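Asks: I am attaching a structure below and will ask some questions about it afterwards.
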């Protein structure tokens, strides 16, 4: 209806570009009375004034659409921002969920609730891994002795001559057979007075080493030295010939009670000089034969000595280590 009136509104309204006014959706409808008032103005006012009013009306309608479009666009942007913020909040959780677990020792496969049986080759490899792990743990318990000076005059001489030789011949600093041969030759031609000087140094080193060792031993508790000796003993069995670890001599350690047969063997060796001079194997056979010949009444004295020593061991063990010994003494 407003379009029809505009087209029939006379010469003035015919100048209105209806396509500009109604080319977009109109949220406000133009009333019929308003169009009539515009038509009546055609005889008394200039076309320029009415054209200006129509231009304002057109802009008002256009601005109404533009405002609505901007509102939709801003609402769309707000939704996008909210969606992005929510996604960013969820990203840390997803990262935590996708984080790969740390690698560790693979779990044993279970078959009917029991570990899967390994093949002989797999079992051998597993035993080797377990042995290496056990050796590492034992070496940590075995403790590392302090650096000690050489107590053999030959070692003292080679150490001193090595410094002199490397100063005179820098190429010997690389070590190896060339340095070893050089030292052997220099030690071989040493004069007697030099040898005596090195022997004296070796004796002095022995006294110094005892002081160093005593100080080092005192830095540990008797229980730690006891555990270190136990680890060294086990390492000797595991590594066999490769192990060079020796037991730590600590006077604070509690000595174990000697069995009856060991007591008898010690007494017989001290009492009989002939047994003492025999080789170890022959002496052991002779003492074993004598032990078998003893009557039960004669053996009771040795068993009694063992029980008394056992009580001593249990008492001292609790005093020194702060705990009771194992059931087997």
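Numbering (the UniProt record's numbering), first residue to last: 1 to 329. We put the beta carbon where it would ideally sit given N, CA and C, even for glycine. A quick note: this is a predicted structure, and the numbers were derived from the prediction, not measured.
How far does the alpha helix (DSSP H) with residue 297 in it extend, from its first residue to its last?
Replies: 296 to 321
Asks: Where does residue 214 fall in DSSP's three states?
Replies: helix
Asks: Please report the straight-line C-alpha distance between residue 269 and residue 182, rounded to a whole angstrom.
Replies: 48 angstroms
Asks: If you measure between the beta carbons of residue 316 and residue 262, is that distance less than 9 angstroms?
Replies: no
Asks: Which of helix, strand or coil does DSSP assign to residue 378?
Replies: Residue 378 falls outside the range modelled here, since the chain spans only 1 to 329, and no answer is possible.
Asks: Can you grab the Cα-Cα spacing for the pair residue 201 / residue 225, in whole Å?
Replies: 30 angstroms
Asks: So, helix, strand or coil for residue 248, using DSSP?
Replies: coil
Asks: Taking the alpha-carbon positions, what's the residue 229 to residue 149 distance?
Replies: 22 angstroms
Asks: To which residues of the same chain is residue 217 closer than 6 angstroms at the C-beta, ignoring the five residues directly before and after it?
Replies: 250
Asks: What three-state label does DSSP hand residue 220 in the structure shown?
Replies: coil
Asks: Rounded to whole angstroms, what is the Cα-Cα separation between residue 297 and residue 303?
Replies: 10 angstroms
Asks: Short check: CB of residue 275 to CB of residue 135, under 9 angstroms?
Replies: no
Asks: DSSP three-state call for residue 272: helix, strand or coil?
Replies: In the three-state scheme derived from DSSP, where H, G and I count as helix and E and B as strand, residue 272 is classed as coil.
Asks: Near residue 320, what residues of its chain come up, given a Cβ to Cβ distance below 6 angstroms and the 5 sequence neighbours on each side ignored?
Replies: 222, 254
Asks: Using only the alpha-carbon positions, how far apart do residue 205 and residue 187 sit?
Replies: 19 angstroms
Asks: For the alpha helix (DSSP H) holding residue 292, just list the boundary residues, first then last.
Replies: 280 to 293
Asks: Output yes or no for whether 9 angstroms exceeds the beta carbon distance between residue 157 and residue 194.
Replies: yes
Asks: Would you mind reading off the limits of the alpha helix (DSSP H) that contains residue 129?
Replies: Secondary structure note for residue 129: its alpha helix (DSSP H) is the uninterrupted segment 120 to 142.
Asks: Consult DSSP for residue 330 and reduce its assignment to one of helix, strand or coil.
Replies: In this structure the chain extends from 1 to 329, so residue 330 is not present and cannot be described.
Asks: Taking the alpha helix (DSSP H) that residue 169 falls in, what are its first and last residues?
Replies: First-last for residue 169: undefined, no H or E at that position.
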